[in-house]
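Asks: Questions regarding the structure given below will be posed in turn.
Protein chains: 2
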Amino acid sequence: MTVALLTDKYELTMLSAALRDGTAQRQATFELFARRLPDGRRFGIVAGTGRLLEALPHFRFDDTALAAVADFCDAATLDFLRDFSFRGDIDGYAEGDLYFPHSPVLTVRGTFAECVLLETLALSIFNHDSAIASAAARMVSAAAKRTLIEMGSRRTHEQAAVAAARAAYIAGFTGTSNLEASRRFGVPALGTSAHAFTMLYTGADGPDEPAAFRAQVAALGVGTTLLVDTYDVTTGIANAVAAAGTELGAVRIDSGDLGVLARQARRQLDDLGATGTRIVVSGDLDEYAIAALRAEPVDIYGVGTSLVTGSGAPTANMVYKLVEVDGRPVRKRSSQKESQGGAKQAVRLSKPTGTITEEVVFPVGQRPAGPDAGRLLTIPLVREGRAVVDVDLASARALVATGLTSIPWEGLKLSHGEPAIPTRTVAP
Amino acid sequence: MTVALLTDKYELTMLSAALRDGTAQRQATFELFARRLPDGRRFGIVAGTGRLLEALPHFRFDDTALAAVADFCDAATLDFLRDFSFRGDIDGYAEGDLYFPHSPVLTVRGTFAECVLLETLALSIFNHDSAIASAAARMVSAAAKRTLIEMGSRRTHEQAAVAAARAAYIAGFTGTSNLEASRRFGVPALGTSAHAFTMLYTGADGPDEPAAFRAQVAALGVGTTLLVDTYDVTTGIANAVAAAGTELGAVRIDSGDLGVLARQARRQLDDLGATGTRIVVSGDLDEYAIAALRAEPVDIYGVGTSLVTGSGAPTANMVYKLVEVDGRPVRKRSSQKESQGGAKQAVRLSKPTGTITEEVVFPVGQRPAGPDAGRLLTIPLVREGRAVVDVDLASARALVATGLTSIPWEGLKLSHGEPAIPTRTVAP
């Protein structure tokens, strides 16, 4: 299915104007980057690269798409679109890498015509996915190795939910509630039951939680997770162990003071002999609540709303700017929106311990010399329109994990602050 | 294409457990509602109804979907899913209507099996679309009849962008930058050019803004909108009128102090004789910035990030709760999450002037009598699985417009406060 209409009208009107006088064929370089991190954030996680590479071959104007733009595109533009596929080159940061203000996350080279058409789709993918992955990575850091499950599908657009599950997995979440993310991206799908299931077992005599738990165990086995807070947590836990025995997989608590309830639940489970039964907590958790529960006997966090809404920063606010035309650097001079022209690459410097110290952005081909040459962050992603890297969530996950250990200690604080490392831009 | 996997795994595990013992066939009523409005908001706008009705016939488990769930669903569950289509009834608020805390926005009746499967998809659609429409309506109110254009596609997931454009249009925006929203929903598509187009006209002698403007006017006519802030706004306006003449449609300013620049631009345009040329402003506008520009000579607002992210409230936080099983009211008793059981309807009371005064939620069939019977908000949407209302954006737009004029004056204030009218829940 085409993705070509997931774009803004003005890209096509610009194309139309540029085709008339031949400027559409000028060689252009566009750069996708964030001028700043979301308010107070100390690092960002690049996500969306794989989804963009998967979308690229579908950025074609089929008959439906052509018909949709025929009322404002002239014949020459329609002819161009009919034959269009992106044949340029793309470099960029690997998916899962850290990014900071002015990191050249993506560099798109080709004719103006082909590069300008990708603007909206590329930004939509990176702005959404990076926002989610960046929030998710803070939660992963706050969880200090405990398991995180993404369960926010219901709080965001139904397709954004799928991408959010993917981004959370890249950031280090263990799985998702979302079935389509499991099918499409192989993210492990998790989940057992909601309050509605327990309430379904209501008869003339009122609620019958034991019957609900027995039914769930009969269907899903004793290793399942029973939701124990529909009526009363203490009774719920007693009912849960009565139904499943001491081999019960886990109990989930979705409301109340989760720290207090987790302690009580642990004690009650242990007293009942269910010492291996794990405790899942959920309900309006964000990175701060997760961190606040560190001292409590919580085994698994279920995170919903705050994950899919980027925990206060629902978009990464990346922009896609023309930086070079026919080899000449160009830049805008509008107030407060200055950026350096010319195509760029970046390296990240670190101490021998692995702790990162500086992001250095330099004009292409002018990598700074020195005893610490740093790690080159810019890698080839697309050549002549074809992806030259594999879309591999495992690699992206590994890169996030490495990245989080490379951030200076202060940079992992959840409080608002400056970026964890400075970005230095080398002038041409 | 199926939408059946845009759901959470636990709905299928619940289904599986409930099919084993026959409880899946119990008659159930689920209610979709918001326990509260987003922080400080005074009203919400229902959006998503039309999208849910359109999605409903596609909620089928085809071979791909069945294969995706085969590893955790037993044979009986797979058989059920293979034949599944929703055959129940849905009542709810009309799309575009106002809602308040505990308004029964949607009521879904059928077997537990068929109702529980819709949970995630219904919530995703309503939580996203209502969040956007609610934020958009505040902007529409703040704009005081001036034109608003939605241009935030690049700041949100590429499919969420399409739904956001639709929701903004329902709320009263005039159009969108998004081409797919235009094709799929008939939202007027708008837009002319970006800074990149102006910068494309850079030669050995440097930038050539006049050439860019001439090219755009040649392609799009003098009625086009020229973006004048790439280099210098005053020079840009002079170049714009030189290229298009005094019949120039509009100039757009995308950066800087928009109020000051709009005043200067108006004066300059008038001095040049371009008295009919309109002024479009954009760049990080939200409802507060829009309101602050009321006294300035701004004709059109372009709104991006704040629109598609719900202006601080990216999700409507609606929930989908089982309220009735086999005719018996049921409810959860967890801490802080109490809600009244039983299927409900609602009326909205108003003064003779049309100003609304109270939302009254009552058990189905127990509409309160009285001199002011109010307007019944709950209408039939689906009967035996088939939509019984037309999906009609024009009606939804009209309903929002009427709704905004019906809100008491204090309820339209942009500052944080209580809901514009109280909700009264009538006990059974």
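Residue numbers (numbering that gives the first Met the number 0), protein chains in the order written: chain A, 0 to 427; chain B, 0 to 427.
Think of the CB as a built atom: it goes at the ideal place given N, C-alpha and C, for glycine as much as any other residue.
1) Count the other CB atoms, across all protein chains shown, that sit within 10 Å of the CB of Ala74 (chain B); report buried if there are 16 or more and exposed otherwise.
2) Would you mind working out which of A:Arg293, A:Thr224 and A:Glu417 sits nearest Met138 (chain A), comparing C-alpha positions?
3) Any C-beta of chain A within less than 8 angstroms: which residues of the segment 169-200 of chain B qualify?
4) Going by the DSSP bridge assignment, what does Met317 (chain B) pair with across the sheet?
5) From the DSSP output, in three-state form, read off Pro206 (chain A) for me.
6) Taking 8 angstroms as the cut-off, does the segment 139-159 of chain B touch the segment 117-128 of chain A (at least 3 CB pairs, one atom from each stretch)?
7) Measuring alpha carbon to alpha carbon, tell me which of A:Ala218, A:Arg108, A:Asp228 and A:Leu36 ends up nearest Ser102 (chain A).
8) Would you kindly check if the distance between the Cβ of Ala136 (chain A) and the Cβ of Ala312 (chain A) is under 8 angstroms?
9) In its own chain, which residues sit with a C-beta less than 6 angstroms from the C-beta of Phe212 (chain B), not counting the 5 before and 5 after it?
10) Report the neighbours of Lys350 (chain A) on chain B: residues whose CB is nearer than 9 angstroms to its CB, in chain order.
11) If the cut-off is 8 angstroms on Cβ atoms, which residues from the segment 91-103 of chain B count as contacting chain A, listed in chain order?
12) Hey, quick one: how far does the alpha helix (DSSP H) through Arg153 (chain B) stretch, first residue to last?
13) Can you tell me where the beta strand (DSSP E) with Tyr92 (chain A) in it begins and where it stops?
14) Since I believe Glu358 (chain B) is in contact with Gly340 (chain B) (beta carbons under 8 angstroms), could you give me their beta-carbon distance rounded to a whole number of angstroms?
15) Let me know the secondary structure DSSP gives Tyr168 (chain A) once reduced to three states.
16) If you reduce the DSSP assignment to three classes, tell me which class Arg265 (chain B) lands in.
17) Decide yes or no for the touch test of the segment 178-189 of chain B against the segment 146-155 of chain A: beta carbon pairs closer than 8 angstroms, at least 3 of them.
18) Check Glu246 (chain B) in the structure and name its three-state DSSP category.
19) Would you say Pro427 (chain B) faces chain A, with C-beta separation under 8 angstroms as the test?
20) Are the segment 87-97 of chain A and the segment 8-23 of chain A touching, with three or more C-beta to C-beta distances below 8 angstroms?
21) With DSSP run on the structure shown, which of helix, strand or coil describes Leu413 (chain A)?
22) When DSSP labels each residue in this structure, what does Ile289 (chain A) get in the three-state scheme?
23) Of all the options A:Tyr300, A:Ala290, A:Gly255 and A:Pro206, which has the alpha carbon lying nearest to the alpha carbon of Arg277 (chain A)?
24) Pick from A:Gln263, A:Asp256 and A:Gly220: whose alpha carbon is nearest that of Thr234 (chain A)?
25) I'd like to confirm the pairing. Which residues does DSSP put opposite Asn177 (chain B) in its beta bridges?
26) Leaving out the 5 sequence neighbours to the left and right, which residues in its chain are closer than 8 angstroms to Arg382 (chain A) when beta-carbon positions are compared?
27) Rounding to the nearest angstrom, what Cα-Cα distance links Ile236 (chain B) and Ala130 (chain A) in this structure?
28) Can you list the residues of chain B that Ala16 (chain A) reaches, using a CB-CB cut of under 8 angstroms?
29) Can you tell which of B:Ala164, B:Gly190, B:Ala162 and B:Gln24 has the C-alpha that lies nearest to the C-alpha of Thr110 (chain B)?
30) Kindly list, in the order they appear in chain A, the residues whose Cβ is closer than 7 angstroms to that of Lys8 (chain B).
31) Does Glu149 (chain B) get closer than 8 angstroms to chain A when you measure Cβ to Cβ?
32) Judging by CA-CA distance, which residue of B:Val425, B:Ala426 and B:Glu417 is the nearest neighbour of Gly39 (chain B)?
33) What whole-angstrom Cβ distance do Glu295 (chain B) and Gly258 (chain B) have, given they're in contact under 8 angstroms?
34) Rounded to whole angstroms, how far is the Cβ of Leu65 (chain A) from the Cβ of Leu52 (chain A), which I believe are closer than 8 angstroms?
35) Within 8 angstroms of any Cβ in chain B, is that where the Cβ of Ala159 (chain A) sits?
36) Could you have a look at Ile44 (chain A) and say whether DSSP puts it in helix, strand or coil?
Replies: The short version:
1) As a working mapping, residue 74 (chain B) is identified with position 75 in the second sequence. That one is exposed.
2) What you label residue 138 (chain A) is simply residue 139 of the first sequence in a count that begins at 1. It is A:Arg293.
3) Ser176, Asn177, Leu178, Glu179, Ser181, Arg182, Ala188, Leu189, Gly190, Thr191, Ser192, Ala193, His194, Ala195, Phe196, Met198, Leu199 and Tyr200
4) Counting from one through the second sequence, the residue named residue 317 (chain B) turns up at place 318. Bridge partners of Met317 (chain B): B:Ala33.
5) Taking the first sequence and counting its residues from 1, one reaches residue 206 (chain A) at position 207. Pro206 (chain A): strand per DSSP, three-state reduction.
6) yes
7) Within the first sequence, numbered from 1, the residue matching residue 102 (chain A) stands at position 103. Selected option, being the one with the closest Cα: A:Leu36.
8) Position 313 of the first sequence, counting from 1, holds the residue named residue 312 (chain A). Position 137 of the first sequence, counting from 1, holds the residue named residue 136 (chain A). No, these two residues do not count as a Cβ contact at 8 angstroms.
9) Translated into positions along the second sequence, residue 212 (chain B) becomes position 213. Same-chain partners within the cutoff: Leu225, Asn238, Ala239 and Ala242.
10) As a position in the first sequence, residue 350 (chain A) is number 351, starting the count at 1. Under the 9 angstroms cutoff, chain B gives no residues; its nearest Cβ is about 36 angstroms from Lys350 (chain A).
11) none
12) Position 154 of the second sequence, counted from the first residue, corresponds to residue 153 (chain B). That residue, Arg153 (chain B), is in no alpha helix (DSSP H); it is neither H nor E in DSSP.
13) If you number the first sequence from 1, residue 92 (chain A) lands on position 93. Element bounds for Tyr92 (chain A): Asp88 to Tyr92.
14) Here residue 340 (chain B) is taken as the residue at index 341 of the second sequence, counted from 1. Here residue 358 (chain B) is taken as the residue at index 359 of the second sequence, counted from 1. Not quite, the Cβ-Cβ distance comes to about 19 angstroms (not below 8 angstroms), so this is no contact.
15) Against the first sequence, residue 168 (chain A) aligns to sequence position 169. DSSP places Tyr168 (chain A) in helix when its eight states are reduced to three.
16) Residue mapping note: residue 265 (chain B) aligns to position 266 of the second sequence, counting from 1. Three-state result, Arg265 (chain B): helix.
17) no
18) Taking the second sequence and counting its residues from 1, one reaches residue 246 (chain B) at position 247. Of the three classes helix, strand and coil, the one that applies to Glu246 (chain B) here is coil, per DSSP.
19) As a position in the second sequence, residue 427 (chain B) is number 428, starting the count at 1. With 8 angstroms as the cut-off, Pro427 (chain B) does not count as an interface residue toward chain A.
20) no
21) Taking the first sequence and counting its residues from 1, one reaches residue 413 (chain A) at position 414. Here Leu413 (chain A) sits in coil by DSSP.
22) Numbered from 1 along the first sequence, position 290 holds the residue referred to as residue 289 (chain A). Here Ile289 (chain A) sits in helix by DSSP.
23) Working through the first sequence from its first residue, we reach residue 277 (chain A) at position 278. It is A:Tyr300.
24) Taking the first sequence and counting its residues from 1, the one referred to as residue 234 (chain A) is at position 235. Out of A:Gln263, A:Asp256 and A:Gly220, A:Gln263 has the C-alpha closest to the C-alpha of Thr234 (chain A).
25) The sequence position of residue 177 (chain B) within the second sequence is 178, counting from 1. For Asn177 (chain B), which the question treats as bridged, DSSP gives the partners A:Asp7.
26) On the first sequence, position 383 is the one that residue 382 (chain A) refers to. Hits under 8 angstroms: Asp88.
27) Residue mapping note: residue 236 (chain B) aligns to position 237 of the second sequence, counting from 1. Residue mapping note: residue 130 (chain A) aligns to position 131 of the first sequence, counting from 1. Those two C-alpha atoms are separated by around 36 angstroms.
28) In the first sequence, residue 16 (chain A) corresponds to position 17, counting from 1. Here the neighbours are Ser192, Phe196, Ala214, Gln215, Ala217, Ala218 and Leu219.
29) Residue numbering aside, residue 110 (chain B) sits at position 111 when the second sequence is read from its first letter. It is B:Gln24 whose Cα lies nearest to the Cα of Thr110 (chain B).
30) The residue you call residue 8 (chain B) lines up with position 9 of the second sequence. By Cβ distance, chain A contributes Ser176, Leu178, Ala188, Leu189 and Gly190.
31) Start at 1 with the first residue of the second sequence, and residue 149 (chain B) comes out as number 150. No, its Cβ sits nowhere closer than 8 angstroms to a Cβ of chain A.
32) Locating residue 39 (chain B) in the second sequence gives position 40, counting from the first residue. Ranking the options by Cα distance to Gly39 (chain B), first place goes to B:Glu417.
33) Locating residue 295 (chain B) in the second sequence gives position 296, counting from the first residue. Locating residue 258 (chain B) in the second sequence gives position 259, counting from the first residue. About 5 angstroms separates the two Cβ atoms, so the contact holds.
34) Reading the first sequence from its first residue, position 66 is the one you call residue 65 (chain A). Reading the first sequence from its first residue, position 53 is the one you call residue 52 (chain A). Their Cβ separation, rounded to whole angstroms, is 24 angstroms, which puts Leu65 (chain A) and Leu52 (chain A) out of contact at 8 angstroms.
35) By one-based count along the first sequence, residue 159 (chain A) stands at place 160. It does: the Cβ of Ala159 (chain A) has a partner Cβ on chain B nearer than 8 angstroms.
36) Walking along the first sequence from the start, residue 44 (chain A) turns up at place 45. Reduced to three states, the DSSP call for Ile44 (chain A) is strand.
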